[in-house]
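**Student:** Position one of the sequence shown corresponds to residue 21 (my numbering), numbered consecutively onward.
Ideal Cβ positions, reconstructed from N, Cα and C, are used throughout, including at glycine.
Keep in mind it's a predicted model, so treat the numbers as computed, not measured.
Just passing along the structure, written as structure tokens.
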Amino acid sequence: MTVTDPETIVGLDDEETALRRRRWARDRELRAPRSPQHLSTADFLTLGNAVCGFLAIYSITTGVLVPHITNPDAAPDKHSAATAVTLLLIGSMCDLFDGLVARKLRSSALGAELDNLADLISFGIAPAYFVAVWGMVSPGSNSRLSALIALTVLLAVVLRLARFSAVKMRPGVFQGMPCPMGAMTVIAIVLLDPPFLPGLLAIFGAAYLMVSRIEYPKPQGLLATATLCWIVVSIGCLAAWATGLPGGDNLMHIGAFAQIALAAMAPLLVIRRKVGQKVGDVRARRAESRIG
């Protein structure tokens, strides 16, 4: 028998009734939101996401931008780039788990606000900074144009987070590409170091997908497990690339292309569905005309 309210308990002795009443009160207390003066376990994961975003920016600055300023002919440091991307992947793990933990344990009144602010740092400012630095250190690039596209990425994330807070969607889906996926897609494009203008167009496309109305599934259940496994595999590919292991460059390129393909999968499926609907409508009209 499932009992949710101790006042409805019938047929139990006083001791067992009191025990169930205490358990019910404790469970209600654990699940009730805390006051803004207290942080929950999920909030610490959210703060960890923000820390990872800041450290990623710091790593790119000290390992890539500063050496380029002091010696423009120096090649970008793979270790610093891999460390920065790994930190953002760890931030994605924190973002994946903080919601799960908040639903299982007690949440706080600051949870939603902290989550948006941490996402802005890790998945808005950090990838935009990656794009801006890439435009400074990549041969044949234009720093002003890259800064403009970086600003586009940042504004897309700001709008995406604001819409997420204001617009209620049906359960199980996001409207627009989630910020962590968008950030990792932008960084995957930068890691591939494509020709400058095509690279900027691809980054602009990722920014557009974040503010689009295309529906992406939420990482729950098996999809959350698959997302976690993908993050771990990506970190392994980055480690192989940074340490110069045989085939490390190929692994990094395969991982980056796979990330871009995953981001493009939802809009491709939408296009396929719309094309299928149009083809079905055309066939239905032809069938009706033949019958008539």
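1) Mind checking Ser309: buried by the 16 CB within 10 Å criterion, or exposed?
2) Output the residue ranges of the beta strand (DSSP E) runs that lie fully inside the stretch 163-251 and measure 3 residues or longer, sorted by chain position.
3) How would you label Asp93, buried or exposed, when you count the other beta carbons within 10 angstroms and need 16 or more for buried?
4) With DSSP run on the structure shown, which of helix, strand or coil describes Ser60?
5) Whole angstroms are fine: how far does the CA of Gly192 sit from the CA of Ala102?
6) For Ser128, which three-state DSSP category applies?
7) Using C-beta distances below 8 Å, list every residue in its chain close to Pro214, excluding the 5 sequence neighbours before and after it, in chain order.
8) In the DSSP assignment, the alpha helix (DSSP H) including Val84 goes from what residue to what residue?
9) Check whether the Cβ atoms of Leu116 and Leu282 sit closer than 8 Å, and answer yes or no.
10) Using the beta-carbon count (16 or more within 10 Å), is Thr82 buried or exposed?
11) Taking only the alpha-carbon atoms, compute the straight-line gap between Gly155 and Ala167 and give it to the nearest angstrom.
12) Given this structure, state the Cα-to-Cα distance separating Thr172 from Ala307, to the nearest angstrom.
13) How many angstroms separate the CA atom of Met230 from the CA atom of Pro198?
14) Considering Ile311, what are the terminal residues of the alpha helix (DSSP H) in which it resides?
15) For Ala138 versus Ala70, is the C-beta spacing smaller than 8 Å?
16) With a threshold of 7 Å on Cβ separation, who are the neighbours of Pro243 within its own chain once the five nearest residues in sequence on each side are excluded?
17) Please say whether Ala226 and Val206 have beta carbons closer to each other than 8 Å?
**Tutor:** Quick look at the numbers:
1) exposed
2) 193-195, 235-237
3) exposed
4) coil
5) 32 Å
6) strand
7) Ala222
8) Here Val84 belongs to no alpha helix (DSSP H), and DSSP marks it neither H nor E.
9) no
10) exposed
11) 7 Å
12) 47 Å
13) 6 Å
14) 268-311
15) yes
16) The question names Pro, but residue 243 in the sequence shown is Leu. Hits under 7 Å: Pro237.
17) yes
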